[in-house]
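Chains as they are written, first to last, in our numbering: chain R, -12 to 138; chain Y, -12 to 138.
Using N, Cα and C, we set each Cβ at its ideal position, and we do this for glycine too.
First comes the structure, then the notes that go with it.
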């Protein structure tokens, strides 16, 4: 069972000025475009009715060597505990699939203009899923170290 | 660029009584276990501080032939418009990656007990990401056909 082979194909790519680590500061207000392959254009019909989408993408710049780490100290801050990689949203999970909730600004043909997409220019997009009430927890609990890491 | 090859490896598997389509009705209260491969046990350290997680999984029962459809009528209801596959949460997207927000009930060694996971027994798990405030939209807008499809 452990040897299941999973092969995926990008449905499109991210187009943004946020090109490389360090080249442009990541901000909550970054606007990007998701350009789907033309053959998938019809698959977007009606998507403009949603305000928010989940974008799943393949973080192609994460090296395989970065993905063997299982413990990490959030933001490299010594006063925070060492926690498991799955307890963080860091990029270096064993499977480098990115997940970001974005605001949909505009849909035109095979292109979506979105806000807050935390992905570099050229990132392969794997899927787009509209956000509905089932994706929204009523109340969440977070670890105390997570809250401290935000200050 | 379109020929990027993306190969992923399961980090673990879903264990649940929800074995096959039709064998047990999908309910919001289904409790499942995610059993990670032992080599990833350490990666879960501290995850019990979170109330909610996103689980990404590979929907291995979706046949390739099901994934070529680009338009769909929600719940096969004639009075609803035909919309694009990316405008729905149906399983037959081109890349069959499932995404479910679950409630974390318990963490013990390499196993998580979770509530609401919409995945069959034996489903390969690709990633686990804790839910935080950035994943929660303040207010969402949904298409009118989506709202009608819920009644």
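Selection from the options that minimises the alpha carbon distance to residue i
i: residue 34 of chain Y; options: Y:51, Y:53, Y:118, Y:128; result: Y:118
i: residue 109 of chain Y; options: Y:95, Y:3, Y:27, Y:123; result: Y:3
i: residue 58 of chain R; options: R:127, R:76, R:26; result: R:76
i: residue 83 of chain R; options: Y:125, Y:135, Y:112; result: Y:112
i: residue 90 of chain R; options: R:40, R:29, R:0, R:128; result: R:40
i: residue 116 of chain R; options: R:63, R:-6, R:42; result: R:42
i: residue 37 of chain R; options: R:81, R:105, R:129, R:101; result: R:101
i: residue 129 of chain Y; options: R:122, R:126, R:134; result: R:122
i: residue 133 of chain R; options: R:85, R:64, R:120; result: R:64
i: residue 24 of chain Y; options: Y:46, Y:16, Y:45, Y:-4; result: Y:-4
i: residue 127 of chain R; options: Y:88, Y:135, Y:127; result: Y:88
i: residue 85 of chain Y; options: Y:120, Y:71, Y:44; result: Y:44
Straight-line gap, residue i to residue j (C-alpha atoms, nearest Å)
i: residue 137 of chain R; j: residue 103 of chain R; result: 18 Å
i: residue 69 of chain R; j: residue 78 of chain R; result: 16 Å
i: residue -2 of chain Y; j: residue 93 of chain Y; result: 18 Å
i: residue 31 of chain Y; j: residue 66 of chain Y; result: 46 Å
i: residue 73 of chain Y; j: residue 49 of chain R; result: 26 Å
i: residue 20 of chain R; j: residue 107 of chain R; result: 11 Å
i: residue 96 of chain R; j: residue 28 of chain R; result: 6 Å
i: residue 54 of chain R; j: residue 114 of chain R; result: 22 Å
i: residue 105 of chain R; j: residue 18 of chain Y; result: 32 Å
i: residue 125 of chain R; j: residue 99 of chain R; result: 28 Å
i: residue 46 of chain Y; j: residue -8 of chain R; result: 12 Å
i: residue 26 of chain R; j: residue 56 of chain Y; result: 11 Å
i: residue 51 of chain Y; j: residue 22 of chain R; result: 23 Å
i: residue 131 of chain R; j: residue 131 of chain Y; result: 40 Å
i: residue -6 of chain R; j: residue 60 of chain R; result: 32 Å
i: residue 120 of chain Y; j: residue 62 of chain Y; result: 31 Å
i: residue 135 of chain R; j: residue 135 of chain Y; result: 42 Å
i: residue 16 of chain R; j: residue 71 of chain R; result: 29 Å
Range covered by the alpha helix (DSSP H) that runs through residue i
i: residue 136 of chain Y; result: 131 to 136
Endpoints, beta strand (DSSP E) assigned at residue i
i: residue -6 of chain R; result: -7 to -5
i: residue 89 of chain R; result: 84 to 95
i: residue 108 of chain R; result: It is not in any beta strand (DSSP E) - residue 108 of chain R carries neither H nor E in the DSSP assignment.
i: residue 99 of chain R; result: 98 to 102
i: residue 21 of chain R; result: 18 to 23
i: residue 182 of chain Y; result: In the structure displayed, chain Y extends from -12 to 138; residue 182 of chain Y sits before or after that span and is not available.
i: residue 42 of chain Y; result: 39 to 45
Within chain Y, the residues that residue i reaches when beta carbons sit closer than 8 Å
i: residue 53 of chain R; result: Per Cβ cutoff of 8 Å: no residues; residue 53 of chain R is ~14 Å from chain Y at best.
i: residue 25 of chain R; result: Result: empty, since nearest Cβ-Cβ is about 10 Å, beyond 8 Å.
i: residue 79 of chain R; result: The premise fails here: residue 79 of chain R is roughly 11 Å from chain Y at the closest Cβ pair, so nothing lies under 8 Å.
Where residue i falls, given that 16 or more other Cβ within 10 Å makes a residue buried
i: residue 10 of chain R; result: The predicted position of residue 10 of chain R is uncertain, since its pLDDT is 45 and thus under 50; no value can be drawn from it.
i: residue 80 of chain R; result: buried
i: residue 1 of chain R; result: buried
Contacts of residue i in chain R (Cβ-Cβ under 8 Å)
i: residue 29 of chain Y; result: 57, 58, 71
Partners in chain Y for residue i, counting only beta-carbon separations shorter than 9 Å
i: residue 44 of chain R; result: In chain order: nothing, as chain Y lies at least about 10 Å away.
i: residue -6 of chain R; result: -8, -7, -6, -5
i: residue 82 of chain R; result: -5, -4, -3, -2, 43, 113, 114
Partners in chain R for residue i, counting only beta-carbon separations shorter than 9 Å
i: residue 108 of chain Y; result: In chain order: nothing, as chain R lies at least about 12 Å away.
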